[in-house]
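Asks:
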Amino acid sequence: MIDNLLYTIPKENHTKDQIIEILSNHPEIKFVSFVGIDLSGNDTDEKIPVNLFLEDIDSFLHGVAVQTDGSSVVLPGIATLNNAKVDLLPDLDVNWYIDYNTELTDYETNLPVGTLKIPSFLIHNNKKVCSRGILQRATNNLENTLIDLLKKYPNLLNHVDIDSVDDIEKINITSATELEFWVSTPEDKADLDKLYVSQSLKEQYWKKTQGTIRSALERTLIILQELGVEPEMGHKEVGGIASSISIDGKTNHAMEQLEIDWKYSSAIQTADNEIVIRDIVEEVFKSFGLNVTFKAKPLNRVAGSGEHTHIGISAKLKDGKVKNLFSPKDMNSDFMSEIGYGALMGILKNYEVLNPFVTDSNDALNRLVPGFEAPVCIVTSLGKNYEVPSRNRSVLIGLIRDIDNPLATRFELRAPNPLSNTYLVLASIYQAVVDGIKAVAVSNLDSKELEKEISKDAGETSFYLEKDRKYRDEENVFECYTQDEREKLFGKSPATVYENMLNLDKYIEKVEVLKDNDVFTDDIINSFKVGAIDRWMKELRNRIIQDNMDIIRGCKKMHTIDDMDALDEVVYNIKLELMKDNLVRKSLFTQIIEALDNNELELASELQLIMKDKMELLQSKYIQYKKNIF
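Each residue of the sequence shown is one higher than the last, beginning at 15 in my numbering.
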């Protein structure tokens with residue numbers, strides 16, 4: 015049955031006649047779904063019967079047949095109540111995928127019913143206002159600007175294995191992500207102590223998967239191969255505890271962290287692939303009776319799930335060869351080319367306005383805490399020497415290189431998580447890359463001089479980087495520096511969504527970098543910021559506080575009056591402070607809700623941090639309290 019299924023319609027086959035022929039030859043494909051990505055990363059699912067699509071295919075392909083409105087997508091301030099019409103325009107330049115419903119069989123073909131998913135742009139007032147449109151503009155801006163700079167400043171190619179810009183046929187902007195996620199059997203509750211100990215001992219990392227989790231992982235990898243996504247590996251990550259097998263052979267008490275990696279692609283295709291892969295992972299594991307979560311920090315005190323994002327730029331030459339523009343001619347005597355240094359400097363200098371797009375949720379910020387290989391400092395690592403690549407996992411962004419393979423040189427941004435909006439993450443990165451390469455081109459500095467620039471100490475002046483900041487460190491920044499020292503050297507990281515979004519108001523010059531060539535606009539940036547703050551407020555009130563109430567109610571009294579001691583009193587008092595109002599004092603939860611009601615967002619943000627610390631203290635003390643009961 016698998017051999018009879020169609021999984022993709024590649025971009026080469028997106029003509030009207032080819033689409034009609036393909037769909038006519040595959041009657042099991044019953045629906046067409048137009049998938050647009052709004053500014054929060056939500057994807058639409060406009061499901062249309064295939065026969066209706068084929069009857070009016072010209073209108074559908076030209077974006078005049080499918081519409082939605084502002085209530086269906088997150089575009090605040092753009093798709094307003096009095097101007098809410100949003101059109102969906104198919105993207106003909108990426109692969110289209112077929113999504114099969116394995117629970118529903120087509121009687122005619124005896125195959126699963128399929129839906130053709132067509133990635134699409136969201137169009138408002140004839141402008142692309144969606145995440146896809148922004149990324150498309152960003153990649154075009156980077157490609158065009160880089161060619162113009164190479165023509166004007168040929169010194170940029172001094173340490174690249176390309177003789178002249180005239181030898182270049184095309185600039186290739188590539189990316190890849192690594193998807194981490196947690197898997198569990200339904201209704202099982204996490205034993206945080208066991209998870210923490212297992213993680214500390216690294217008992218699960220790269221171990222063999224077993225039972226239904228193995229079957230689900232292998233089935234997922236097989237489907238990804240059929241889709242042409244080219245998975246490279248699937249394996250256990252550091253989090254999790256060993257599952258058990260019931261008497262009837264079923265997996266019990268599974269709670270494991272997994273990772274799936276796949277080959278790089280173009281920027282937009284990479285972002286599309288990620289959405290497709292998340293859907294497949296969720297559906298396949300569900301079919302095996304397993305729950306999946308892509309949350310960045312599903313459990314406190316144990317490893318969160320990242321989605322390290324890889325960034326590369328190469329040039330296809332007219333003779334057919336491909337050259338990495340980040341790699342130097344001699345891998346033994348340089349870390350990078352001038353283009354590579356410019357790109358990395360641009361990301362580091364402008365990261366304050368990239369961070370809102372990378373980290374736009376409470377869940378994302380919960381992961382970014384010291385001690386879990388999660389970056390909170392704007393700093394890079396290149397390697398202690400040219401021969402040995404860096405594997406410093408404490409930095410925000412690292413240089414990945416293989417001395418024997420120049421094509422492998424790239425940057426790995428470690429801050430994103432599985433629910434980051436990869437379209438906007440990449441778009442903002444590319445805008446910063448353009449800014450950095452421009453500065454390096456004008457400076458006329460060579461690779462050795464640029465290595466000194468990026469390696470400067472705080473207090474030293476730079477032609478581009480900020481004087482009071484340090485940008486490169488080859489040591490573990492969490493072990494070598496105190497928190498105060500890290501903040502002084504690398505900047506203070508925002509601790510709440512509200513603080514992070516304020517950076518878009520605070521760093522005006524860096525926001526201008528995002529707006530270069532109208533890739534981001536004031537309307538887009540404001541819409542994104544308003545949407546993120548609105549989600550933060552609603553989640554804080556209706557989810558975080560409510561979840562914390564459930565945790566507090568679960569911290570039940572286990573002692574008698576005769577058995578009471580000071581530790582029992584500590585737990586009780588923390589619970590009171592967090593949740594219980596009285597005639598003279600309002601609880602922390604009530605204070606936060608009132609601050610949100612009064613639009614005192616700065617106060618709500620400050621109280622959220624106090625609440626977070628108190629909840630962590632309560633859970634820690636309650637574990638200690640339970641162990642102290644006779």
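A virtual CB, placed ideally from N, CA and C, is assigned to each residue, including glycine.
In angstroms, rounded to a whole number, what distance separates the CA positions of residue 199 and residue 240?
Replies: Approximately 27 Å between the Cα atoms of the pair.
Asks: Under 8 Å: do the stretch 394-401 and the stretch 504-521 share three or more Cβ pairs, one atom per stretch?
Replies: Using a Cβ-Cβ distance cut-off of 8 Å, the stretch 394-401 and the stretch 504-521 are not in contact, since fewer than three pairs of beta carbons, one from each stretch, lie closer than that value.
Asks: What do you get for residue 625, buried or exposed, if any count of 16 or more other CB atoms within 10 angstroms of its CB means buried?
Replies: buried
Asks: With the cut-off set at 7 Å, would you say residue 407 and residue 311 are in Cβ contact?
Replies: no
Asks: What would DSSP say about residue 48, mapped onto helix, strand or coil?
Replies: strand
Asks: Report yes if the C-beta distance between residue 249 and residue 273 is below 7 Å; otherwise report no.
Replies: By the CB criterion at 7 Å, residue 249 and residue 273 fall inside the cutoff.
Asks: Any idea what DSSP makes of residue 338, helix, strand or coil?
Replies: strand
Asks: To the nearest angstrom, how far is it from the Cα of residue 612 to the Cα of residue 568?
Replies: 31 Å
Asks: What residue ranges within the stretch 48-83 form continuous alpha helix (DSSP H) runs of no fewer than 4 residues, ordered along the chain?
Replies: Qualifying alpha helix (DSSP H) stretches, in chain order: 64-69, 71-75.
Asks: Between which two residues does the alpha helix (DSSP H) containing residue 370 stretch?
Replies: 365-372
Asks: From residue 486 to residue 102, what distance separates their C-alpha atoms?
Replies: It is roughly 44 Å from the alpha-carbon of residue 486 to the alpha-carbon of residue 102.
Asks: Let me know if residue 643 comes out buried or exposed under the rule of 16 or more other beta-carbons within 10 Å of its beta-carbon.
Replies: exposed
Asks: In or out: residue 51 buried (at least 16 other Cβ within 10 Å) or exposed?
Replies: buried
Asks: Can you give me the Cβ contacts of residue 286 inside the same chain, cut-off strictly under 6 Å, excluding the 5 residues immediately before and after it?
Replies: 108, 133
Asks: Which one of 517, 445, 594 has the shortest CA to CA distance from residue 532?
Replies: It is 445 whose Cα lies nearest to the Cα of residue 532.
Asks: Identify which residue in 195, 369, 336 has its Cα closest to the Cα of residue 294.
Replies: 195
Asks: Should residue 121 go down as buried or exposed, given a rule of 16 or more other Cβ atoms within 10 Å for buried?
Replies: exposed
Asks: What is the DSSP secondary structure of residue 91, counted as helix, strand or coil?
Replies: coil
Asks: Return the Cβ separation of residue 130 and residue 43 in integer angstroms, given the expectation that the two are a contact with Cβ distance under 8 Å.
Replies: 6 Å
Asks: What does the alpha-carbon distance come out to for the pair residue 278 and residue 427?
Replies: 14 Å
Asks: How would you label residue 232, buried or exposed, when you count the other beta carbons within 10 angstroms and need 16 or more for buried?
Replies: Counting Cβ neighbours within 10 Å, residue 232 comes out exposed, since fewer than 16 surround it.
Asks: How would you label residue 321, buried or exposed, when you count the other beta carbons within 10 angstroms and need 16 or more for buried?
Replies: buried
Asks: My assumption, with CB atoms under 8 Å, is that residue 467 sits in contact with residue 476. Please give the rounded CB distance.
Replies: 5 Å
Asks: In whole angstroms, what separates the C-alpha of residue 430 from that of residue 63?
Replies: 36 Å
Asks: Would a C-beta distance cut-off of 7 Å place residue 370 and residue 518 closer than the cut-off?
Replies: Cβ distance < 7 Å, so residue 370 and residue 518 count as in contact.
Asks: Quick one: what's residue 280 bridged to in DSSP?
Replies: 188
Asks: With a threshold of 6 Å (Cβ to nearest heavy atom), would residue 366 be considered close to the ligand MG?
Replies: The ligand MG is not part of this structure, which contains no ligands at all.
Asks: Going straight from the alpha carbon of residue 362 to that of residue 323, what length do you get?
Replies: 15 Å
Asks: Flag this pair as touching only if the stretch 478-496 and the stretch 348-355 have three or more C-beta atom pairs under 8 Å; answer yes or no.
Replies: no
Asks: Please classify residue 247: does DSSP put it in a helix, a strand, or coil?
Replies: strand
Asks: Taking only the alpha-carbon atoms, compute the straight-line gap between residue 22 and residue 436 and give it to the nearest angstrom.
Replies: Cα-Cα distance, rounded: 22 Å.
Asks: With distances taken from CA atoms, which of 474, 275, 26, 414 is nearest residue 292?
Replies: Measuring from the Cα of residue 292, the nearest candidate turns out to be 275.
Asks: For residue 595, which residues does DSSP report across the bridge?
Replies: DSSP output for residue 595 lists no bridge partner at all.
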